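Asks:
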Amino acid sequence: MEVYKGKASGPIKKYDTTKVFDTTLTKVLTPHYDLNIAAYDNYGKLYLSLLFALSIGSGFARFTATLTHVALFHGGDILKQSKMAMKSAKLDIHARLMKKYKDVTQWWFHETNIVKCL
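The numbering of the sequence shown is this note's numbering, which starts it at 151 and goes up by one.
Written as structure tokens, this is what we have:
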């Protein structure tokens with residue numbers, strides 16, 4: 151493992167922590183906040199602790215598993231309820247009043263966006 155490689159002030163000293171070890175950014179950044187590659191190579195690479203990397207990875211896995219579970223086990227019910235809600239939706243007062251007017255064509259929106267961008 152490359153947890154212990156690098157300079158004395160750069161890498162992580164513990165592999166059993168969930169913290170990200172902050173370094174002094176002024177050592178690797180220019181006054182204009184650009185990355186100074188030579189100083190970065192001299193200072194050492196950024197290393198994450200093992201537990202921090204695992205906690206981030208497991209967080210992404212839990213999020214993906216939740217979405218997959220909802221889609222597989224409840225997706226049909228969600229779609230069915232959504233379709234029923236759309237079919238039985240009553241028009242509110244604004245929608246009933248606006249039915250008197252013709253729809254605005256799509257070219258009007260495109261033209262407005264082009265003029266806005268100029």
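Backbone N, C-alpha and C fix where the C-beta goes; we use that ideal spot for every residue, glycine too. Please read these numbers as outputs of a predicted model, since none were measured by experiment.
#1: Thinking C-beta only, is Val-178 closer than 8 Å to Tyr-193?
#2: Work out the CA separation of Lys-250 and Asp-242 for me, nearest whole Å.
#3: Determine which residues share a DSSP beta bridge with Leu-217 and list them.
#4: Does the beta-carbon of Ser-199 have 16 or more other beta-carbons within 10 angstroms, so that it is buried, or is it exposed?
#5: If you draw a straight line from the C-alpha of Phe-213 to the C-alpha of Ala-221, how long is it?
#6: Rounding to the nearest angstrom, what Cα-Cα distance links Gln-231 and Lys-240 in this structure?
#7: Could you give the first and the last residue of the continuous alpha helix (DSSP H) run that contains Thr-262?
#8: Per DSSP, which residues does Leu-179 bridge with? Please list them.
Replies: Reading it off the structure:
#1: Position 43 of the sequence shown, counting from 1, holds the residue named residue 193. Position 28 of the sequence shown, counting from 1, holds the residue named residue 178. Yes, Cβ-Cβ distance for Tyr-193 and Val-178 is below 8 Å.
#2: Taking the first residue of the sequence shown as position 1, residue 242 is located at position 92. Taking the first residue of the sequence shown as position 1, residue 250 is located at position 100. Rounded to the nearest angstrom, the two C-alpha atoms are 14 Å apart.
#3: One-based indexing of the sequence shown puts residue 217 at position 67. None; Leu-217 has no bridge partner.
#4: Mapped onto the sequence shown, residue 199 falls at position 49. Flag for Ser-199 reads buried.
#5: Looking up residue 213 in the sequence shown gives position 63. Looking up residue 221 in the sequence shown gives position 71. Distance between the alpha carbons of Phe-213 and Ala-221 is about 13 Å.
#6: Reading the sequence shown from its first residue, position 81 is the one you call residue 231. Reading the sequence shown from its first residue, position 90 is the one you call residue 240. Note on geometry: alpha-carbon atoms of Gln-231 and Lys-240 lie some 16 Å from one another.
#7: The residue labelled residue 262 in the question sits at position 112 within the sequence shown. If you look at Thr-262, you'll find it in the alpha helix (DSSP H) that goes 256-267.
#8: Numbered from 1 along the sequence shown, position 29 holds the residue referred to as residue 179. Answer is Leu-185, bridged to Leu-179.
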